[in-house]
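S.K.: Quick one: structure below, then a few questions.
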Amino acid sequence: MADRLSDFYTLPLDDWIEVVVKQWLVPNFRPAFQALEWPIDRVLDGLEATLLWLPFPVFVVVVPLIAWRVAGNRIAIFALSAVLFLDLLGIWRETMVTLSMIITAVAFCVIVGVPLGILAARSDRFAGLLRPVLDIMQTIPPFVYLVPIVMLFGVGIVPGVIATIIFALPPMIRLTNLGIRQVQAELVEAGLAFGATRRQLLFEIQIPLALRTIMAGLNQTLMLSLSMVVIAALIGAGGLGLTVFTGLGRLDIGRASLGGIGIVLLAILLDRVTQALGEGGQVTATGEKRTFKGLFKGLGKGRQGGSDSS
Amino acid sequence: MNAGIASHQKVSVEHLFKVFGADPEETIRRVQAGQAKDRIYADTHSVAAVADVSFGVDPGEIFVVMGLSGSGKSTLIRCLNRLIEPTQGRIRLGGEDVIAMDAEALRRLRAHKLSMVFQHFALFPHKTVVENVEFGLKVRGMAADERRDKALRALAQVGLEAYADVPPATLSGGMQQRVGLARGLAVDPEIMLMDEPFGALDPLIRRDMQDELLALQAQLHMTIIFITHDLHEALRIGDRIAIMKDGRFVQVGTPEEIVARPADDYVAAFTRDVDRGRVFRAGRLSREATVLSPGEDLEAARRRCAAPDVVALYRLDEAGRPLGLLACATLAAVGSGGLDDALDRDFPRVRADQELIELYGACARGQPIAVLDPEGRLQGVIDPLQVFALLAGGDAGSAAGDAPTSPAVARAPSPTRQA
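Put into structure tokens, the structure is as follows:
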């Protein structure tokens, strides 16, 4: 009985993809892809080395201070508890490795995503081209692209970060685009009517007014990066993901839980702080205080205040 | 004539079109052929938001474009600085051909010669009041201290210097639009484009803002293009008014011309309920006064009164200010030394820019009304009977020097009149 197409013919799409990736993409483009690794590797190495080099008491002071300045008393207390607890669990080192991975991934998401979002906001054509790409990035399960990533980049922490970037990038682009498009048309007209260049329009009006939405995108990207931590460990990324992964391999429920707790604490802390950044949090005044510059100025003041009192 | 005008006019627009839709050429052709808007849309699915508009604005003039929503007035003003790209036509601002400009030249023009005030204020919510006002200067690349000084001066002009460092959202609507005005003033524009600037304000605040704009204009003598949907506002502040309908100018003229001689039924429908006492100004009725200079005596007064139509004369001081009114009828009873005693020092007086409505009280006294300039010098005299003649719908004022058809009307042909 032959009542379906596959009884006569099966489309060998899997073979075709294998041929394209193995015989065309990998041999021809491997060096190009590996060149991409270099900046990520530099940033990651530097960050990881710095975070591991910094003495623990620095974190005990600085992390709650940032949380207090940005998100208020409650989050500051939570931050202090989280830092102490993570160390108490003996997973501080893994946490720092994961944190440096996350920060690196998010940093590259911002570097790539914000400009792409700006371009998409300026050109409907570009936005139309980008949209299906983003849809695919968001719906395709990460396990699917782990294979070509390993083929192109090998195994290790940097390929893990690259997989994380692919997974976490779309909201950064989408929300940057959305934020800029949502800026009132009359405000853009006002900027143009006073002779602003495109660059001035972007930095004086569009980005500041889109900042809330862009920060929401950053928050989303950050959360997605954290959810990739364990998957990235599959291809050799270390840190908390590896703790979970080895726990899983040995059916060591204790280890796996430790890793999980670490990821959750990190996620809550980063989420609350970036959300508060987006909303302006405690920094209630308008003007520059709502911008990054204002935040760092504020931090500077806060830190000076702290050292005076100690 | 057009070429000659363009050289000294601040704004000159010739045969401007802006077509929204698929077939601009055909739409323009049909507009030129005089087809109606609905007919054109039915055939071409295109709308000529601005349809063959031509006008000129002199330096220091407030030119008001009045029209209902959908008349194309907001599109027109945005064509002037090319926020909306015109489809066809010529625009010259300050002698420069705006249509021919490349992006950079256009940007420089906007930054250095134009400014704009928006209906919904369009203040930047992330900047403080003074940063908003500084915006045009910052865009030009002016140093921070200098532009803050300049912005604070502009804020002082609208009475808001105390609010420099607050966010604009904390201010009331009227105050926010003052900030919008200050932002426009800070760049010392040659030409100010105002797109229904007071349209979003309460009636009382709107009136204050109109007064404020007129007071500022009296000092600054900018060239202003002012869009409104409110005829009363147009009449109050416009030196000349264009009535716009379906993308065309139906009539262009001074407020007094529009009210005295509406071009067609459409304009007449607007002007019907206009309070003529608020449109016409005292200056329109002002005639040359008969005066008695310092040092001139009773004899001179008697000689002047002998002339026909002279019923009274004003005794002036050294500066040209009237000391008092001397009615000719009383001259016979005056002794040679008592000229000053015979003066009526409490004579009625107005300024040339006062509305007729403010003259009613003075008219009630039956005496001639002295027209004074802001320094208190005598400019002319008004016969109270002429005030009522003008209110009753006559046009007595045209004798005061206004030609019945001003060049303004001749300059911008009204298509509907020829139809």
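From first to last, the protein sequence lines stand for chains A and B.
Everything in the first sequence is counted per my numbering, starting at 2 for the first residue and increasing by one.
Everything in the second sequence is counted per my numbering, starting at 7 for the first residue and increasing by one.
Where is the CB? At the ideal position from N, CA and C, for every residue including glycine.
#1: DSSP beta-bridge partners for PHE23 of chain B?
#2: Going along the chain, which residues of its own chain have a beta-carbon closer than 6 Å to the beta-carbon of PHE286 of chain B, five neighbours each way excluded?
#3: Where ALA197 of chain A and ARG113 of chain B are concerned, what is the direct C-alpha to C-alpha distance, given to the nearest angstrom?
#4: Leaving aside the five residues before and after LEU69 of chain B along the sequence, list all residues of the same chain whose C-beta is less than 6 Å from its C-beta, in chain order.
#5: Rounding to the nearest angstrom, what Cα-Cα distance links ALA72 of chain A and VAL98 of chain A in this structure?
#6: Might you give, ordered along the chain, the residues of its own chain that have their beta carbon closer than 8 Å to the beta carbon of VAL159 of chain A, omitting 5 neighbours on each side?
#7: Is the number of C-beta pairs between the region 269 to 276 of chain A and the region 55 to 72 of chain A that are closer than 8 Å three or more?
#8: What in chain A is Cβ-close to MET148 of chain B, meaning under 8 Å?
#9: When you compare the CB positions of ARG98 of chain B and VAL17 of chain B, do they come within less than 9 Å of one another, or not?
#10: Report all residues from its chain with a CB closer than 6 Å to the CB of ILE249 of chain B; omit the five preceding and five following residues, and keep chain order.
#11: In three-state DSSP terms, what is TYR320 of chain B?
#12: So, with DSSP's three-state summary, where would you put LEU143 of chain B?
#13: Would the beta-carbon of LEU191 of chain B fall within 9 Å of that of MET181 of chain B?
#14: Compare the beta carbon distance of VAL59 of chain A and LEU85 of chain A with 9 Å and say whether it is the shorter of the two.
#15: Between the beta-carbon of ALA257 of chain A and the beta-carbon of MET224 of chain A, is there less than 9 Å?
#16: Take LYS133 of chain B as the anchor and find which of A:ILE215, A:GLY260, A:LEU26, A:GLY192 has the nearest alpha-carbon.
#17: Compare the C-alpha of GLU280 of chain A against each of A:VAL230, A:PHE154, A:SER226, A:GLY218 and name the closest.
#18: Excluding the five sequence neighbours on either side, which residues of its own chain have a C-beta within less than 6 Å of the C-beta of MET229 of chain A, listed in chain order?
#19: Contact criterion: CB-CB distance below 9 Å. Does PRO209 of chain A meet it with respect to chain B?
#20: Reducing DSSP to helix, strand and coil, say where ASP103 of chain B ends up.
#21: Could you pull out every residue in the same chain whose Cβ sits closer than 6 Å to the Cβ of ILE211 of chain B, ignoring the five residues on either side in sequence?
#22: Does any residue of chain A have a CB that is nearer than 9 Å to the CB of ARG126 of chain B?
#23: Helix, strand or coil: which one does DSSP assign to LYS16 of chain B?
#24: Using a 10 Å radius around the Cβ and a threshold of 16 neighbouring Cβ atoms, would you call PRO380 of chain B buried or exposed?
#25: In terms of residues, what are the limits of the alpha helix (DSSP H) holding PRO390 of chain B?
#26: I'd like to know if the region 183 to 191 of chain A and the region 137 to 147 of chain A are in contact, where contact means that at least 3 CB-CB pairs between them fall below 8 Å.
#27: Check whether the Cβ atoms of ARG254 of chain B and ALA117 of chain B sit closer than 9 Å, and answer yes or no.
#28: Given 8 Å as the limit, is there contact between the region 279 to 293 of chain B and the region 233 to 242 of chain B, that is, 3 or more CB pairs closer than that?
#29: Determine the direct distance from the alpha carbon of ASP103 of chain B to that of GLY76 of chain B, and round the result to whole angstroms.
#30: For the pair the region 222 to 229 of chain B and the region 146 to 155 of chain B, tell me if three or more CB-CB distances fall below 8 Å.
M.R.: In short, the structure shows the following:
#1: B:ALA57, B:GLN94
#2: GLU262, LEU362, LEU396
#3: 7 Å
#4: Checking the displayed sequence, the identity of residue 69 of chain B turns out to be Phe instead of Leu. Taken in chain order, the residues that qualify are VAL63, ILE231, ARG246.
#5: 24 Å
#6: GLU38, ILE41, ASP42, LEU45
#7: yes
#8: Neighbours of MET148 of chain B on chain A: none; closest Cβ ~12 Å, over 8 Å.
#9: Cβ atoms of ARG98 of chain B and VAL17 of chain B: closer than 9 Å.
#10: MET72, VAL256, GLN257, VAL273
#11: strand
#12: LEU143 of chain B carries a helical assignment under DSSP once its states are collapsed to helix, strand and coil.
#13: no
#14: No. Outside cutoff.
#15: no
#16: Measuring C-alpha to C-alpha distances from LYS133 of chain B to each of A:ILE215, A:GLY260, A:LEU26, A:GLY192 identifies A:GLY192 as the nearest.
#17: A:GLY218
#18: THR165, PHE168
#19: yes
#20: strand
#21: GLY180
#22: Residue 126 of chain B is actually His in this sequence, not Arg. With a threshold of 9 Å between beta carbons, HIS126 of chain B makes contact with chain A.
#23: coil
#24: exposed
#25: 390 to 397
#26: Short answer: they don't touch.
#27: Not a contact, by the Cβ cut-off of 9 Å.
#28: yes
#29: Going from the Cα of GLY76 of chain B to the Cα of ASP103 of chain B covers about 27 Å.
#30: Note that the region 222 to 229 of chain B does not touch the region 146 to 155 of chain B; fewer than 3 beta-carbon pairs, one per stretch, sit closer than 8 Å.
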